[in-house]
Structures are given as structure tokens and as C-alpha cells.
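Beneath this line is the structure, given in C-alpha cells, with notes to follow.
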Amino acid sequence: MRVPSCTVQATPVAPGIAIGRVMILHSVADHGKNTTITPEQVAFELEKFHTALAVTKEQLAELQTRLRKKLYDNEADIFEAHLLLVEDRMMISEVEKGISEELYDAESAVYRAVEKFAAAFSAVEDVYLQERAIDIRDVGHRIAGNMADAGERILAYDEPRIVIAPTLTPSETAGLDREKVLGFAVETGSATSHTAILARSMMLPAVVGFPRELLDSLTVADKLIIDGFSGKVIINPDAGTEEAYRLKNLEAEKLYRQLSGNRDLRAETTDGFAVEIVANVEDGEDYAEIRKNGAGGIGLFRTEFLFMDENNLPDEDEQYEIYKKLMISAGNDPVTIRTLDIGGDKLSSGIFRAAEQNPFLGLRGIRLCLRERRDIFDTQLRALMRAGVHGNMQIMLPMISCMDELLETKEIIAGLKAQLLAEQIPFADSIPLGVMIETPAAAMIADRFAVEADFFSIGSNDLIQYTIAADRSNERVGHLYRPAHPAVLRLIKYTVGEAVKQNIPVAVCGQIAEDMTMVPFLLGLGVNELSMSPGSMPLVKKLVRSFSMHECAELVDKALQCNDSAEVTKLSADMIRRLVPELADI
Ligand code: PEP
Ligand code: MG
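Residue numbering for the sequence shown follows the numbering used here, beginning at 3 and increasing consecutively.
Here it is, written out as C-alpha cells:
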């Protein structure tokens, strides 16, 4: 039975309008779901299961070896038990039966088998045996995680569809086929979760905060409209509503076409203050395409997306080729490449030694590189320095919270340069090294960092979450995650002020760089560069060219005296309405 026609308000995270039927994607995190397959798909699912088993075995064995090397014998024993479970005949044949007889896809069959065995253990009085249920679930999750395959399942539909899912991981999102997916609506996430960031780069209209009850009741026969501007989702729209949205879509496209007339103009205020508009990219994509949107360079290359396939991490030469290609295609334009920032919601389990309870406060970014994965860090830095000879490269470090992280990296770079020299391999000797200001700690000692760093780049997505203590990807605290919070503005003001004293530039590469209501403040605060998804550049250029620096600075003075973000946002919204009314209602 079709769900009755209705409208729900979700949170918009990527602009645009999508109209189409539903494609249900049950993620690996969604244990309760049972996705069925056709008999023709059995062989494929069986093979997928066995490949994932082999990968899991390798991961567990490697984990064990690493732990034993560090003399963590007890922890290593836990993985011994996990290994035994992976090899358990009963478990394996239960999953095989689930696929070939009951026609479940491999992930569902794994979860069903796991739940069956875990439930049996949980029911026993013995505490030791009860704990085995946790191990079983853990192993099951690992196996299923090793076969996440959002892209493949989408092939089953002959027309493009709207993906709905409880959650989409960044790698699942990156795997979506743009030709087959119109947009998506998911339950979890926020505008600054990496899933949303990817949606914007892929120009996929998307919303988060889609209610669970609806997710569970929709079927592939249901039709949706996703309004990625307002966050509305219309379920089974009537003909009139559908037509109205088609018109709205055409209007939006027309406005974007008009705005793209600005793309070759300088982003300069009416009183002559210029900012650089540069691009955020997630892979070594074609710079020529990005340039067409008006980019003057790349302000953030999130290299972690090269490391998403934990079974196949890129080696030095592979990375060198990717960076080199990008450098050559960018010509003289600056290219800022961020070193690996895996962690938080960008989990890549093969790179981590252990799961963490608070990944956003854990061993992510520079911490992981310096503490546990110097191998990956050294390889990446060598590849970057080698590729640096092909253009105008800058390197920046993510998740910096104290000075020794920067100083230690400088020492590492000096050591790697000596190696490259000895090996007679060409490399760029003086690549500017910047730090991301994305922890309040880094912002509060910006005066110290400004002496040691060549530039700052404000990672506002993280800076906001750490300042307000509101997880950027948790929709339940989404109401607290407020870019215009006066505390955030104060931290940025201090950071820019200290950078100016040392004469180093400041960029903003988080989502606020393309947030219309935040742009006037960033201008007024004096940032030099705004880095954003290429699709937003024409809009932001239009905004910058509509304001005067003088007014923006006055606006900042008022904002710093506000009690809360609502007052702050109203200031800029009023200014936009007054000076650029045509953009006020987007
Ligand atoms: C940020 O934190 O603002 C940022 C640009 O980095 P990421 O979103 O990748 O964490
Ligand atoms: Mg960040």
C-alpha cells in the first residue's frame, strides 16, 4: 500500500530539487533490515560474502600482530577469538543458507546469522558466554562493513531514483552513481557531515533528518520530491504539486545560469576589497571543470577520500601521480592539499587500530598520522613534496590542537627532504605549510601558530562543533550547531587579527564559506580566501560584489555584541534583503 500523500520538514543539506521514485538503501549500520535478492544474484552475493570474510581475516590477523608487537597480549587474544568466529563453519553455512535458500543479500544474511547466534548466547546465564554475543555482533559488523556496496545495488533500477536510507557513510555516498541517483533523504547527519559535503560536490539535492517512521513505511513504488533548498520532502505528490516543483526547479536553474555570468569576475567588494574564491575537492578531479565555475585555485583537497578503500591504500607513486596530475592541470593557480584527515565520520576501519567511543575527539587527522600511522604520513608527505615541483602547492595540517604537532611535522618534513635528496629524487623544497584552525585551542593560540605557520585555513565545520560541543553529524544536537554563534565569530576574529600581525593569509574552507548569511561576516572579519564547493562559487561572487567592506565590518561589530546566533543571522539576512533582494529567498 502506498504511503498517503504528505509533506515533511527535514533539514536541507545540498541545494536543488529532485523528483522521482524511491530506492531504498539499507546501510550496514542498519542491522534490523532484510534486503532480498533474486536467484540470479545469489552467486554474486556468495562471492561478496567470501571476499569480505577473507578481508576480515586479514584485518584481524594484522591487528593481532600489531597489538602483540606493542605487548598488548590480552587485547590481541580478543581478536584471536574473533578470528575463530570468522572461521566458524556453523556461522559460515548459516550465512550461505541465508543467501542461497532464503534469498537475502549478503549483508542481511550476515546480520541474520549473527543475531541468531548472538541471541542464543545472550540467553545463557553465564556472563562469559553472554559476552561472546558482543564478540559475535562485533565480528558480524566488521564482515558486513567489508562489503558495503551502495553503488552496486543501485544498478538494479532502470530509471534514476531517490535514495532513502537511515544513514549513508561518506564512502557509500562517494560510490553513488550520479547517473542513477537523483538525490537522497537520510535520517542521520547534518549540513557539515561529510556525506552532505559530498552531496554538494556531486550536485545531488539532499536532506537529512528524514523521519524514521517514513523510512520504514516507504516502498519502491512511492514517489518523492526533495527540496534541497527548503528541506521539504513531499511524499506521493499530487499532479499540481509536482508541476509546481518542476517550475521551481526551472526557476532555480535559470537563476544559477544567470549567476554563472559572474564566474569570471573578481570577487571584490564595492569598495575594492578582494577575496580569493577557491574550490574544495574530494578527489584529484578535473581542475578545468572546476575552473569553469570561477575558481582561482584549490583551497582544500580532502585527501582522505583517496584512502577510503582500506584494503587498497595508495602507495607513494600512486599518490604522486594523482597530486602531479592535479598540479599540472591547475597551472599557476594555488593548490592547497590537506594531509590525511581520517576519523570522525570518515571512518576507514582498516587504518585504525581500535574503534573509539568518541571518534571526533579521538585519534583523527594529524593525531593519527603522528601517533600510529607515521608510515601513511611519511608516504603522503614524500608524494606531496615530489608532486610540488609541478605547480604552486601548499600543504596544510588538519585537526591541529597544539604547537608540538606543527613542530614535529616540520621535523618530519626536514627528515624526508634529506631522504629524497640522498635518493636523488626531485622535490619542491619550500612548499608553504599551513595549519587548519579547527579546534578552539588552535584559535586561542593563533598568535603562537602565526609565527610558525605560513598560512591559516579555518575549518569552521569542526571549529563550530568543538566550540559549541555539538557533534556536527548528530541531527539531535543540530539545533545547537550554530555557525553564527558569537563565540565562533570571536574565535575567527582573534585568529584573523593574529594572522594579520604576522602577515600571513587566512582562508575559510568550512561550509560557512558558502553560507550566504555568513559571507558578509567573513568579509568583515577580513579573511582573504573563501574555499567552497564549485557549484556555490557564482552565488558567493555575486554576494561579495554586492557589499562594501565598510558595511561588512560594521556588521561584524554589531554581531560581536549579540547575545545569540539568531540575532546575528538576522543582521546579515536583513543586509542581503536590502542589497541583493534577488538572492534573499533562495
Ligand atoms: C572543516 O572542519 O571545516 C573542514 C573543512 O574539514 P572537514 O569538513 O573535512 O572536517
Ligand atoms: Mg575539519
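Built from N, CA and C at the ideal position, the CB exists for glycine as well.
A quick note: this is a predicted structure, and the numbers were derived from the prediction, not measured.
Contact between the segment 184-194 and the segment 204-218 is defined here as three or more beta-carbon pairs at a separation below 8 Å; is this criterion met? yes
How about Leu328 and Gly286: do their beta carbons lie closer than 9 Å? yes
From the DSSP secondary-structure annotation, give me the bridge partner or partners of Ala16. Ala208
Measure the alpha-carbon distance for Ile402 versus Ala121 and round it to whole angstroms. 44 Å
Reduced DSSP category for Asp517 - H, G, I as helix; E, B as strand; rest coil: coil
Close beta carbons around Glu82, own chain, < 8 Å, minus the five adjacent residues each side: Gln66
Would you report the Cα separation of Tyr258 and Leu252, rounded to the nearest angstrom? 10 Å
Per DSSP, which residues does Thr338 bridge with? Please list them. Gln396
Separation of Glu174 from Glu98, as counted between CA atoms: 25 Å
Looking at the ligand MG, does it come within less than 8 Å of Glu440, judged from the CB to the closest heavy atom? yes
Can you tell which of Pro536, Arg580, Ile578, Ile514 has the C-alpha that lies nearest to the C-alpha of Ala193? Ile514
Is it the case that the Cβ atoms of Ala125 and Phe51 are separated by a distance below 9 Å? no
Secondary structure at Met93, three-state DSSP: helix, strand or coil? helix
Same chain, Cβ closer than 7 Å to Ser219, five either side skipped, listed in chain order: Val5
Pair within 9 Å by beta-carbon distance, Gln382 and Asp456: no
Give the single residue among Glu104, Tyr106, Ser102, Ile94 whose Cα lies nearest to the Cα of Phe119. Ile94
So for Glu531, helix, strand or coil by DSSP? strand
With which residues is Ser459 paired in a DSSP beta bridge? Met438, Ala509
Using only the alpha-carbon positions, how far apart do Ala444 and Arg492 sit? 13 Å
Report the residue from Asp377, Thr197, Leu48, Lys234 whose alpha carbon sits nearest the alpha carbon of Ile145. Leu48
Distance check for Tyr468 and Thr441, CA to CA, integer angstroms please. 6 Å
Assuming Ser533 contacts Val183 (C-beta within less than 8 Å), just tell me the rounded distance between them. Contact flag wrong, Cβ pair sits at about 26 Å.
Tell me the rounded alpha-carbon separation between Val570 and Ala297. 29 Å
Distance check for Phe429 and His143, CA to CA, integer angstroms please. 43 Å
Can you tell me whether Arg484 is buried or exposed? The criterion is at least 16 other CB atoms within 10 Å of its CB, across all chains shown. buried
Inspect the beta-carbon positions of Asp343 and Arg304 and report whether they are closer than 9 Å. yes
Hey, could you find the ends of the alpha helix (DSSP H) Gly242 is sitting in? 241-261
Among Phe354, Val222, Glu103, Leu409, which one has its Cα closest to the Cα of Gln43? Glu103
Cut-off 6 Å between Cβ atoms - residues of its own chain near Leu308, not counting five sequence neighbours on either side: Pro316
CA-to-CA distance, Ile470 to Ala332, given in whole angstroms: 37 Å
Whole-number beta carbon distance between Cys511 and Leu370, since they are thought to touch under 8 Å: With a Cβ gap of about 20 Å, Leu370 and Cys511 do not count as contacting.
At least three beta-carbon pairs within less than 8 Å, the segment 240-247 to the segment 494-510: no
Counted within 10 angstroms of its Cβ, other Cβ atoms place Leu453 as buried (16 or more) or exposed: The sequence given here places Val at residue 453; Leu does not occur at that position. Per the 10 Å Cβ criterion, exposed.
Proximity winner among Met551, Gly537, Ser548, Met446, relative to Ala254 (alpha-carbon distances): Gly537
Are Val546 and Val521 touching if we call contact CB-CB under 9 Å? yes
Quick one: using the 10 Å Cβ neighbour count with 16 as the cut-off for buried, is Gln421 buried or exposed? exposed
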